[in-house]
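*Asks:*
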Amino acid sequence: MSIRLRLTAWYSGILALTLLMFSGVIYTFVYYNTYVSTYDTWRSRISDQIRQSITAPGINSDGTVSSRINVNNILQTIDRRLYVQIYYYNTNKIQQSDNMMYGGEAFKFDVPADPADVVKDFSQINANGKPYLMYQQLMQTDVSGAPVLLQIAASTEEAENMMSDMRFILVLGSLATLILAATLGMFLARKSMAPIGKVIEAANAVQTSSDLSVRIDYTGPQDEVGQLISTVNRMMSRTELFYKDLEESYRTQRRFVSDASHELRTPLTTIRGNTDLLKKIWTMDSMPQGLSEEDLRQMSVEAIGDIADESERMSRLISDMLSLARADAGQTMQKELLEFGPLVEDVVRRAQFLPHRADWLPGDLSSLEGIAVVGNKDYLQQMLFIFIENAFKYTPEGEVRFDVLLYRQQVGIRVKDTGIGMDKDEVPHIFERFYRADESRGKTPGTGLGLSIAKWIIDEHQGSVEVVTVKGEGTTFIIWLPALFPEVQAASDADEVSEREESAEQESFEPETEKSAETSEESGNRHRAE
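Our numbering numbers the first residue of the sequence shown as 15 and each following residue consecutively.
1) Could you spell out where the beta strand (DSSP E) holding proline 161 opens and where it closes?
2) Thinking C-alpha only, which one of Ala120, Leu186 and Gln110 is nearest glutamine 165?
3) If I measure Cβ to Cβ from aspartate 225 and keep anything under 8 Å in the same chain, skipping five residues before and after, which residues do I get?
4) Valine 132 to tyrosine 101, Cα distance in whole Å?
5) Does DSSP put serine 454 in a helix, a strand or coil?
6) Would you say serine 478 and isoleucine 472 are within 8 Å of each other, going by their C-beta atoms?
7) Can serine 325 and isoleucine 285 be called in contact, C-beta distance under 8 Å?
8) Can you find the residues in the same chain that come closer than 8 Å, C-beta to C-beta, to aspartate 93, ignoring five residues on each side of it along the sequence?
9) What separation, rounded to the nearest whole angstrom, lies between the Cα atoms of glycine 211 and valine 44?
10) Which two residues bound the contiguous beta strand (DSSP E) that contains lysine 107?
11) Please work out which residues of its chain come closer than 8 Å, Cβ to Cβ, to isoleucine 318, disregarding the five sequence neighbours upstream and downstream, and give them in chain order.
12) Can you name the start and end residues of the alpha helix (DSSP H) that tyrosine 102 belongs to?
13) Work out the CA separation of aspartate 378 and phenylalanine 523 for me, nearest whole Å.
14) Return the Cβ separation of valine 388 and lysine 349 in integer angstroms, given the expectation that the two are a contact with Cβ distance under 8 Å.
15) Just verifying my parser: in three-state terms, what is the DSSP assignment at aspartate 231?
16) Quick one: using the 10 Å Cβ neighbour count with 16 as the cut-off for buried, is arginine 327 buried or exposed?
17) Tell me the rounded alpha-carbon separation between aspartate 392 and arginine 363.
18) Rounded C-beta distance between alanine 386 and glutamate 353? I'm assuming under 8 Å.
19) Between Asn104, Glu411, Ser61 and Leu382, which has its C-alpha nearest proline 161's C-alpha?
20) Based on Cα-Cα distance, which residue from Tyr25, Asp334 and Tyr408 lies nearest to leucine 192?
21) Pick helix, strand or coil for serine 16, following the three-state DSSP scheme.
22) Among Leu368, Lys294 and Leu282, which residue has its Cα nearest to the Cα of leucine 331?
23) Since I believe arginine 428 is in contact with isoleucine 492 (beta carbons under 8 Å), could you give me their beta-carbon distance rounded to a whole number of angstroms?
24) Assuming valine 441 contacts serine 381 under a Cβ cut-off of 8 Å, what Cβ separation, rounded to an integer in Å, is found between them?
25) Which first and last residues belong to the beta strand (DSSP E) in which leucine 357 is found?
26) Relative to the C-alpha of glutamate 480, which candidate in Thr346, Met313 and Leu495 has its C-alpha closest?
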């Protein structure tokens, strides 16, 4: 049974019980205040009429006292609303009041055959198809003393009809009210439950078509049903978003596995080829013609060098993959308050020993004095090395500059190279795993995971990164991190800091103004000129 049918049944049942109790109360009230009162009135009048008709008591043959009645008196003085019948047992004669003529034909009350069966009391009878309240009593006439049966009755047709009409009205009214209430209740229940039907339809639509964009259209009040529909719509929105994220994650995972397999296959193939070569060289029974022992030794050294290089590459790849796996697992970094100046100076000092062909030109780092950040020292240094190594890798000649910027409560690290640059359409993808901007993906050595790791580290430190690039002319990365500035520095020389920032901004975004090839990643178009 549906909810609306149960609601209608419960409502109708409660209403029926209420109507039954209400009708019972009304019927009882009318019965005792009108019907019973009418009967009491007629009893009183009949009793008064009998008292007026009794003349004197008589002594029966058995010694009992019996009332004597003046027949003529009672027939002449009887209330016209009362019906009188006198039956003489000795002669079987009947005398009646004039009003007992009905439609030209007299009607009679039933008479007990034996005087001994006469019960002196009031009773309700039916005569001539009508109800009467009758009193009967065995008496003697005041003339001959013959036994007679006195029957006096009053019509109760009006009272009985009134009660019958009331029963009919109460029953019919209750049934009509119940049917109308049940019909309206079903209509209202169906209307109230209609939004629930929409929820079911939406759920079925999602189940059959997997269309998570389905929403329930509801314009009614925000009652329980409205709140339920709003909750379901919000839940479906979150489910749709979660499903899209899950689908994107699945595609990313498949690509990650595919790219990881590809990246691992190359060094493994190289290692296997070189080990096979070494095995063949050192298991030969005789020296190959045209090769000296020195040549074989040189070939072995080169093979071992290749194995070492590819092993180191595999180690870096696996380390990077482990870092990204920690990021995917939601691992939380252990952070502490760090002096940012010494950390950056250490990175700049060690960066000069990295393999590079471009000129390494670090700028003035004195502005970092007293500035602190909340972060993880090892991860922050790893992130900076990734950007520096990336600049060295894609700058075969030219220069790589490193300097700092200050803006409000943030510190910016700018790594600017004059390398090969990128197309602006490639910028949104450079932080994807295994993505490399050059078309061959293998033209420049690397795993394609560095910038993904750097982006994760930046996000973990609530930072952001800006990218400015021009194809064939170079790329600039600006990493912004929340910082704690010395109060004295912030309050004493604000104009000087602002002027330095504006100068740095103009230099930073020169490619944008002159080349119109700027693209930003998660910067919110945050430029420092306001």
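The beta-carbon is built from N, C-alpha and C at its ideal position, and this holds for glycine as well.
*Replies:* With the given structure in hand:
1) Within the sequence shown, numbered from 1, the residue matching residue 161 stands at position 147. First-last of the beta strand (DSSP E) with proline 161: 161 to 169.
2) Your numbering for residue 165 matches position 151 in the sequence shown. Proximity to glutamine 165 across Ala120, Leu186 and Gln110 peaks at Gln110, based on C-alpha coordinates.
3) Translated into the one-based positions of the sequence shown, residue 225 becomes position 211. Within the same chain, aspartate 225 has close Cβ partners Ala219.
4) Locating residue 132 in the sequence shown gives position 118, where the first residue counts as 1. Locating residue 101 in the sequence shown gives position 87, where the first residue counts as 1. Spanning the two alpha carbons is a distance of roughly 12 Å.
5) Along the sequence shown, read from residue 1 onward, the residue named residue 454 stands at position 440. Any reading at serine 454 must be qualified, since the residue scores a pLDDT of 37, below 50, and its modelled position is unreliable; no value is offered.
6) Stepping through the sequence shown from its first residue, residue 478 is reached at position 464. Stepping through the sequence shown from its first residue, residue 472 is reached at position 458. At a Cβ-Cβ threshold of 8 Å, serine 478 and isoleucine 472 count as neighbours.
7) The sequence position of residue 325 within the sequence shown is 311, counting from 1. The sequence position of residue 285 within the sequence shown is 271, counting from 1. Yes, these two residues count as a Cβ contact at 8 Å.
8) Along the sequence shown, read from residue 1 onward, the residue named residue 93 stands at position 79. Result list for aspartate 93: Arg59 and Gln63, in chain order.
9) Taking the sequence shown and counting its residues from 1, the one referred to as residue 211 is at position 197. Taking the sequence shown and counting its residues from 1, the one referred to as residue 44 is at position 30. Their Cα atoms are separated by approximately 49 Å.
10) Position 93 of the sequence shown, counted from the first residue, corresponds to residue 107. Per DSSP, lysine 107 belongs to the beta strand (DSSP E) from 107 to 110.
11) Counting from one through the sequence shown, the residue named residue 318 turns up at place 304. Closer than 8 Å at Cβ, skipping near neighbours: Asn288 and Leu292.
12) For this step, residue 102 is matched to residue 88 along the sequence shown. Run containing tyrosine 102: none in the alpha helix (DSSP H); it sits in the beta strand (DSSP E), 96 to 102.
13) For this step, residue 523 is matched to residue 509 along the sequence shown. For this step, residue 378 is matched to residue 364 along the sequence shown. Only weak support is given to the placement of phenylalanine 523: the predicted model assigns it a pLDDT of 37, under 50, and the question is left unresolved by the model.
14) Here the question's residue 388 lines up with position 374 in the sequence shown. Here the question's residue 349 lines up with position 335 in the sequence shown. The Cβ separation is near 5 Å, so the contact holds.
15) Here residue 231 is taken as the residue at index 217 of the sequence shown, counted from 1. Three-state result, aspartate 231: coil.
16) Counting from one through the sequence shown, the residue named residue 327 turns up at place 313. Classification of arginine 327: buried, given that the 10 Å Cβ count is 16 or more.
17) Position 378 of the sequence shown, counted from the first residue, corresponds to residue 392. Position 349 of the sequence shown, counted from the first residue, corresponds to residue 363. The straight-line gap from Cα to Cα measures roughly 16 Å.
18) Here residue 386 corresponds to residue number 372 of the sequence shown, with the count starting at 1. Here residue 353 corresponds to residue number 339 of the sequence shown, with the count starting at 1. The Cβ separation is near 6 Å, so the contact holds.
19) In the sequence shown, residue 161 corresponds to position 147, counting from 1. Of the candidates Asn104, Glu411, Ser61 and Leu382, the one whose C-alpha sits nearest the C-alpha of proline 161 is Asn104.
20) Stepping through the sequence shown from its first residue, residue 192 is reached at position 178. Comparing Cα positions, the closest option is Tyr25.
21) As a first step, residue 16 must be located in the sequence shown, where it is residue number 2. Here serine 16 sits in coil by DSSP.
22) Within the sequence shown, residue 331 is the residue found at index 317, counting from 1. When only C-alpha atoms are compared, the closest one is Leu282.
23) Here residue 492 is taken as the residue at index 478 of the sequence shown, counted from 1. Here residue 428 is taken as the residue at index 414 of the sequence shown, counted from 1. Going by Cβ atoms, the distance from isoleucine 492 to arginine 428 rounds to 5 Å, so yes, they are a contact pair.
24) Looking up residue 441 in the sequence shown gives position 427. Looking up residue 381 in the sequence shown gives position 367. Rounded, the Cβ-Cβ distance is 28 Å, inconsistent with contact.
25) Here residue 357 refers to the residue found at position 343 when the sequence shown is read from its first residue. Here leucine 357 belongs to no beta strand (DSSP E); instead the alpha helix (DSSP H) covers 354 to 365.
26) Here the question's residue 480 lines up with position 466 in the sequence shown. For the residues Thr346, Met313 and Leu495, the minimum Cα distance to glutamate 480 belongs to Leu495.
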